[in-house]
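Engineer:
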Amino acid sequence: MDLHGFLKALARRWPTVVVCLVLAVGAALAVTSLSTPVYEARTQLFVATRTGEDTTQLNQGQSFSQARVQSYAAIVTTRQVTQPVVKELRLRTTPEELASRITAVAPLNTVLIDITVRDAKPARAARIANAVAEQFSAAVERLESPSHASGSERSRSRHTDDGVSPVSLGVTQEAVAPAGPVSPRPLLNLAAGALSGLLLGAGIVALRETLDTTLKTSEALGEFTALPGLGTIPFDKNAPRQPLVSAEGHSKRAEAFRKLRTNLQFSQVDDRPRIIVVTSSVPGEGKTDTAVNLALSLAEAGVSTCLVDGDLRRPCVAPAFGLVQDAGLTTVLIGQASIKDVMQKVGGQLSVLASGAVPPNPTELLASARMEEVLRELADTYEVVILDTAPLLPVADTVGLASLAQGALLVVRASKTSRDQVRAAAESLDCVGVRVLGTVFSMAPAPKGGRYGTYGQYGELPAPRASASLQKEAVTPAGTRRAGVK
Ligand SMILES: Nc1ncnc2c1ncn2[C@@H]1O[C@H](COP(=O)(O)OP(=O)(O)OP(=O)(O)O)[C@@H](O)[C@H]1O
Ligand SMILES: [Mg+2]
């Protein structure tokens with residue numbers, strides 16, 4: 001998936017990104033509001049040496065302090081300091097726990113020690129910091145006094161001879177109660193939440209896109225099948241209630257069927273396939289919708305058309321027109337009636353052969369010699385015979401029927417049919433040697449953009465008017481084209 005494809009996927013799957021963003025920001029807000037605030041109080045100590053007044057002694061004192069100040073910093077979190085603080089302030093904690101909330105740092109080349117104390121209460125943090133500073137100073141002075149120092153230490157370290165510690169610690173900055181907590185940080189948490197939400201959303205989109213093998217655009221379908229894309233039927237929420245579309249209608253769906261008819265008429269001008277099956281790989285892809293409206297559209301353009309319900313499992317053609325379903329194709333196939341007896345007229349140019357009673361053996365019936373005869377008879381009577389069929393992959397009915405037809409339209413449902421299913425369907429048509437005239441991309445996201453004058457979608461052909469005779473001539477498909485799926 002390239003960057004362009006990824007951005008398109010993001011635009012298409014934006015709700016996923018929004019949901020992740022909202023969840024992550026919500027989690028960040030929850031964490032922020034549920035976490036206990038932590039306040040930090042700071043104090044600073046200055047390590048001074050009790051030395052003489054001359055410059056040499058002062059320099060020696062300075063070096064002495066700098067050399068030991070790192071060691072002093074390490075003493076801050078020892079029990080010597082924390083235990084008296086816990087006792088003095090009557091803290092409900094242990095010296096070890098208190099030590100874990102204290103940080104002491106001695107910046108390099110200085111004689112300063114910064115002590116930081118974290119606590120849930122700002123005033124208490126300051127009190128503890130000041131108490132720690134006081135106990136720490138006392139501990140250092142105690143350790144450095146000659147009586148505490150070891151013999152060797154005493155011999156090396158500088159100390160006064162009067163038993164007083166050679167160092168003294170002074171507070172340069174007393175701790176005060178901090179105005180605000182150091183954590184949680186609402187803005188930081190919010191930004192981190194938003195960023196992780198966006199990344200998570202983008203990751204999910206990329207993953208779904210990688211795992212999703214359905215075809216999203218008619219271009220992708222054309223690239224995948226290497227078949228002509230004869231039409232793209234937009235998704236229309238009214239389609240289940242209004243299955244029939246008038247060719248004169250102005251809806252996008254009506255325009256799409258006009259375009260399908262025109263493309264079909266002009267795509268095969270040298271070799272006219274008169275018997276065309278409309279099929280697809282799996283159920284519910286829009287075969288019946290396409291067959292019915294294509295037949296209607298051809299008839300409205302003046303082409304004498306016969307629509308046959310060749311789906312003997314789930315026949316839906318007769319109900320779409322409000323016609324009788326019980327007498328039709330199967331009645332003729334078993335010899336109970338002639339074609340003329342059961343053919344139902346819909347307007348001047350369209351005749352419908354319903355399915356008839358649903359038989360127990362549709363596969364044999366549809367591939368029978370009698371079926372071939374019926375189709376030949378129909379092709380002699382009508383200019384075009386359109387057959388609605390069952391899906392190719394779950395049942396074998398359509399493969400047999402397609403072998404008797406002169407061309408097939410492969411319906412592929414947008415964002416639903418997988419590449420594997422399309423490939424398998426195209427291969428099964430190829431196996432029986434039926435010419436795949438092209439694909440119909442159904443239930444595609446409705447194209448954006450308005451109309452351009454009376455020309456419908458910009459670039460599409462205008463609705464037919466009195467051009468029926470021209471179109472009648474043009475129903476002359478030619479050139480054998482097999483499904484060449486990449
Ligand atoms: N362009 C469309 N927009 C929205 N819904 C549609 C569209 N075309 C068809 N449908 C709906 O999709 C469902 C399946 O359509 P249809 O019956 O034409 O598919 P099918 O391939 O013939 O299914 P089956 O394999 O069961 O015969 C129906 O409810 C139909 O109303
Ligand atoms: Mg159907």
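For the sequence shown, counting from 1, position 388 maps to 388 in full-length UniProt numbering; every step adds exactly one.
Glycine included, each C-beta is placed from N, C-alpha and C at the ideal position.
Predicted model, so just to flag it, every value in this text is computed and none were measured.
(1) Out of Q80, G322 and A239, state which residue places its alpha-carbon closest to the alpha-carbon of residue 490.
(2) If we count the other Cβ atoms within 10 Å of its Cβ and call it buried at 16 or more, is R258 buried or exposed?
(3) Below 6 Å CB to CB, which residues in the same chain sit around V17 once its five sequence neighbours on both sides are set aside?
(4) How about residue 504: is its Cβ closer than 7 Å to a heavy atom in ligand 1?
(5) Please report the Cβ distance between V38 and P234, rounded to the nearest whole angstrom; I am assuming they are in contact, meaning their Cβ atoms lie under 8 Å.
(6) In this structure, does DSSP put V317 in helix, strand or coil?
(7) Tell me whether T288, by its Cβ, gets closer than 7 Å to a heavy atom of ligand 1.
(8) Is it true that the CB of T56 sits closer than 8 Å to the CB of residue 523?
(9) Hey, would you say the C-beta of S183 is under 7 Å away from at least one heavy atom of ligand 1?
(10) Please list, in chain order, all residues of the same chain as A291 whose beta carbon is under 6 Å from its beta carbon, the five residues on each side excluded.
(11) Please report the straight-line C-alpha distance between L211 and S418, rounded to a whole angstrom.
(12) Please classify R435 as buried or exposed, where buried requires at least 16 other C-beta atoms within 10 Å of its C-beta.
(13) Using 8 Å for Cβ pairs, my map puts I339 next to L378. What's the rounded Cβ distance?
(14) Contact defined as beta carbons within less than 8 Å: I believe A129 pairs with A99. What is the distance between those atoms, to the nearest angstrom?
(15) Which of the three DSSP states is assigned to A120 in this structure?
(16) Going by CA-CA distance only, name the one from L45, S145, L410 and Q265 that's closest to V383.
(17) I'd like to know if the region 193-208 and the region 19-36 are in contact, where contact means that at least 3 CB-CB pairs between them fall below 8 Å.
(18) Which word fits G322, buried or exposed, when buried means at least 16 other C-beta atoms lie within 10 angstroms of its C-beta?
(19) Could you check whether A125 and A73 sit closer than 8 Å to each other, using their CB atoms as the reference points?
(20) Using 8 Å as the cut-off, can you tell me whether the region 209-224 makes contact with the region 436-446, which would need three or more C-beta pairs spanning the two stretches below that distance?
(21) Is P228 near ligand 1, with its Cβ less than 7 Å from a heavy atom?
(22) Using alpha carbons as the reference points, say which of T172, S183 and K237 lies closest to I115.
(23) So, helix, strand or coil for S297, using DSSP?
(24) Indicate the three-state DSSP secondary structure (helix, strand or coil) for E144 in the structure shown.
(25) Identify whether F235 lies in helix, strand or coil by the three-state DSSP scheme.
(26) Buried or exposed: which applies to Q70, given that a residue is buried once 16 or more other Cβ atoms fall within 10 Å of its Cβ?
(27) Quick check: does the Cβ of E285 come within less than 7 Å of any heavy atom belonging to ligand 4?
(28) What does the alpha-carbon distance come out to for the pair S65 and L34?
(29) Would you check whether ligand 1 has a heavy atom nearer than 7 Å to the C-beta of I233?
(30) Within the continuous beta strand (DSSP E) that includes A8, where are the two ends?
(31) Of all the alpha helix (DSSP H) runs that stay within the bounds of the UniProt domain "AAA" (274-403), which reach a length of 4 or more residues?
Structural biologist: In short, the structure shows the following:
(1) For residue 490 there is no data in the structure shown, the boundaries of the chain being 1 and 486.
(2) buried
(3) G201
(4) Only positions 1 to 486 of the chain appear in this structure, which leaves residue 504 out of reach.
(5) Not a contact, Cβ separation roughly 57 Å.
(6) helix
(7) yes
(8) Outside the shown range of the chain (1 to 486) lies residue 523, about which nothing can therefore be said.
(9) no
(10) V278, I386 and D388
(11) 11 Å
(12) buried
(13) 7 Å
(14) Their Cβ separation, rounded to whole angstroms, is 13 Å, which puts A129 and A99 out of contact at 8 Å.
(15) coil
(16) In the sequence on display, residue 383 carries Glu and not Val. Here the closest residue by C-alpha is Q265.
(17) yes
(18) exposed
(19) no
(20) yes
(21) no
(22) T172
(23) helix
(24) helix
(25) coil
(26) exposed
(27) Absence of ligand 4 is noted for the structure shown, with ligand 1 and ligand 2 being the only ligands found.
(28) 45 Å
(29) yes
(30) Reading the sequence as shown, one finds Lys at residue 8 and not Ala. Here K8 belongs to no beta strand (DSSP E); instead the alpha helix (DSSP H) covers L3 to R12.
(31) 287-300, 317-321, 329-333, 339-342, 362-366, 369-381 and 397-402
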